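Encoded as structure tokens, the structure appears first; notes follow it.
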Amino acid sequence: QFPNDAYTEFLKKIEDPDSIPKDEQIDILAPNNLQVCAWLLHMGMPASKLYAGLACRGNKYNSVRTRLTALSSTMLEMGGPKYMPDHNTLKALADMKNVSTTKRASVLEIHEDLPRLYQTVFGRNSYMNRKYDQVKLWARLLVQLAVISRASEVCTDTGMEYCPRMENVEFPTAKQDYLEDGYPRFVILSWSKWKHRTEASIQKGEHYRIRLFGNHKDLRFCPIHWLLQHWKLRGKAKCQPDDFIFDKCTSRTWRKTLKKLGENVPGGDFPDLTSHSLRRTGAQWARRCGADLTIIANVGRWHTYKNLNLYIQDADRRAADAKEYNDGVDPVVAFWTFDTKTALDCTACTDVNK
Numbered sequence: 008q009f010p011n012d013a014y015t016e017f018l019k020k021i022e023d024p025d026s027i028p029k030d031e032q033i034d035i036l037a038p039n040n041l042q043v044c045a046w047l048l049h050m051g052m053p054a055s056k057l058y059a060g061l062a063c064r065g066n067k068y069n070s071v072r073t074r075l076t077a078l079s080s081t082m083l084e085m086g087g088p089k090y091m092p093d094h095n096t097l098k099a100l101a102d103m104k105n106v107s108t109t110k111r112a113s114v115l116e117i118h119e120d121l122p123r124l125y126q127t128v129f130g131r132n133s134y135m136n137r138k139y140d141q142v143k144l145w146a147r148l149l150v151q152l153a154v155i156s157r158a159s160e161v162c163t164d165t166g167m168e169y170c171p172r173m174e175n176v177e178f179p180t181a182k183q184d185y186l187e188d189g190y191p192r193f194v195i196l197s198w199s200k201w202k203h204r205t206e207a208s209i210q211k212g213e214h215y216r217i218r219l220f221g222n223h224k225d226l227r228f229c230p231i232h233w234l235l236q237h238w239k240l241r242g243k244a245k246c247q248p249d250d251f252i253f254d255k256c257t258s259r260t261w262r263k264t265l266k267k268l269g270e271n272v273p274g275g276d277f278p279d280l281t282s283h284s285l286r287r288t289g290a291q292w293a294r295r296c297g298a299d300l301t302i303i304a305n306v307g308r309w310h311t312y313k314n315l316n317l318y319i320q321d322a323d324r325r326a327a328d329a330k331e332y333n334d335g336v337d338p339v340v341a342f343w344t345f346d347t348k349t350a351l352d353c354t355a356c357t358d359v360n361k
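Structure representation (structure tokens):
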């Protein structure tokens, strides 16, 4: 089933972009990947005909580049050719990159910033009144940081329900994997869906399994402790096998929640807190704890080192600066050590070295 006349008009705009006045150029972020690619394949049109020099979120370079990458992946999954940008598109991308004002997500110094966030959430003057809201926010924040995840992978957006379910949680069976207080050293979270999952992994029914390690140096910052507290407050009725490990929450709501949390930290000097700053912080934290690129890429589900390097490019400098004023010891490592055994099953990133 292919679109109607409205999409025929859309196709014309893709076919001959140079004939369209600039104020009428289409936004390639509006139609979804399947609609665009179905038309390209149906009409026998080369993917290079897709023009990128359009009004995409203010022509931000990263927005356009990411969309074109997504379209290319969809084309391949639908049996079409790989997307190869033509000369005009490459020029448009180069122009966008030269004037790009993209602001990278902030990176937290977790040994300093997590205690401030904790006090904001649970302190006497907390802006949050309900204990349940405090616990579920803190649990989601620590888990996202610990497994270097995207917001979508700990949220429950309709149609992109990547968040693991209760039945996808595994507890260790060996006695030595439990501490004296009864807490497990780790639990295994298993994703059956994730962003950029390949068609081959879907056909094989593969799961992406990651060890979530606790921080037993300080339970205030232990993701396992708070995840279990969250489940306890939810009660049995909301902890059935097919329930998500977190309450329902869209990525958009989660981003707003984090922004509000950051704005309420006393002092007014806290860095912008976003879901992506947690992912970037997690990658840098792992690097500062000695994890190599392969481990970080597998935990965070990066498919190329090129993108990963953008996240960790100043991690070594930060570590060196911190050691200089702390007797040669990075305080981040002493506060919470990233365990290199976090990546249990790397099936999602088999092409990471390509």
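Take 8 as the starting number for the sequence shown in our numbering and just add one per residue. Glycine residues also receive a C-beta, built at the ideal position from the N, C-alpha and C atoms. Note that the coordinates shown come from a computational prediction; the quantities given were computed from them, not determined experimentally.
Beta-carbon proximity of residue i to residue j, cut-off 9 Å
i, j, result
"I217", "S199", "no"
"D254", "M173", "no"
"P278", "H118", "no"
"T377", "L317", "The chain is shown from 8 up to 361; residue 377 falls before or after that span and cannot be answered."
"L365", "A153", "A query on residue 365 cannot be resolved here, the shown segment of the chain reaching from 8 to 361 and no further."
"K239", "F342", "no"
"L100", "L124", "no"
Residue i, DSSP secondary structure in three states
i, result
"K361", "Only weak support is given to the placement of K361: the predicted model assigns it a pLDDT of 28, under 50, and the question is left unresolved by the model."
"Y215", "strand"
"W198", "strand"
"R74", "helix"
"L144", "helix"
"R172", "strand"
"Y185", "strand"
"P230", "helix"
"T354", "Because the pLDDT at T354 is just 41, under 50, the model does not fix this residue reliably, and the value given afterwards should be weighed accordingly. Residue state, collapsed to three classes: helix."
"E116", "coil"
"P248", "coil"
"F342", "helix"
"F253", "coil"
"F178", "coil"
"G60", "Low confidence applies here, because G60 scores a pLDDT of 43, under 50, leaving its location unreliable and the question unanswered by this model."
"T349", "helix"
"P191", "strand"
"F129", "helix"
"L36", "Its pLDDT being 49, under 50, L36 is placed unreliably in this model, and the coordinates cannot settle the point."
Residues of its chain near residue i, where Cβ-Cβ distance is below 7 Å and the 5 sequence neighbours each way are ignored
i, result
"F345", "W292, A293, C296, A298"
"C256", "C162, T163"
"V340", "R295, C296"
"L300", "Y312, L315"
"K330", "V336, D337"
"Q247", "M173"
"C170", "E160, V161, C162, T163, F251, I252, F253"
"K104", "Y68"
Closest by C-alpha distance to residue i, when choosing among the options
i, options, result
"L234", "L124, Y125, L144", "L144"
"E168", "I252, H94, A341", "I252"
"F129", "A326, W238, V272", "V272"
"P92", "M103, L83, S79, E84", "S79"
"L280", "T76, I195, G242, S113", "S113"
"D188", "L226, Y215, N333, G242", "L226"
"E68", "G275, P171, D102", "The sequence as given places Tyr at residue 68; Glu does not occur at that position. Ranking the options by Cα distance to Y68, first place goes to D102."
Cβ-based neighbour list, residue i, same chain, cut-off 8 Å, excluding 5 preceding and 5 following
i, result
"S282", "Q151, R157, A158, S258, W261, R262, L265"
"P191", "F178, P179, D184, Y185, G221, I231"
"D236", "Strictly speaking, residue 236 in this sequence is Gln, with Asp absent from that position. For Q236, where only same-chain residues beyond five positions count, the Cβ hits under 8 Å are V142, A146."
"V194", "V176, E177, F178, P179, R218, L219, I231, L234"
"D276", "none"
Cut-off 6 Å between Cβ atoms - residues of its own chain near residue i, not counting five sequence neighbours on either side
i, result
"L121", "F228"
"L115", "T288"
"L285", "Q151, L152"
"T347", "A298, I302"
"A326", "R295, D337"
"R241", "none"
Residue i Cβ short of 8 Å to the ligand FAD heavy atom set
i, result
"N222", "This structure lacks the ligand FAD; in fact it carries no ligand of any kind."
For the segment 279–292 against the segment 315–324, do three or more pairs of beta-carbon atoms, one drawn from each stretch, fall closer than 8 Å, so that the two count as touching? Note that the segment 279–292 touches the segment 315–324; at least 3 beta-carbon pairs, one per stretch, sit closer than 8 Å.
- [ ] Tell me, please, whether the segment 137–149 touches the segment 309–318 by the rule of three or more beta-carbon pairs shorter than 8 Å.
- [x] Output reads no: the segment 309–318 does not touch the segment 137–149.
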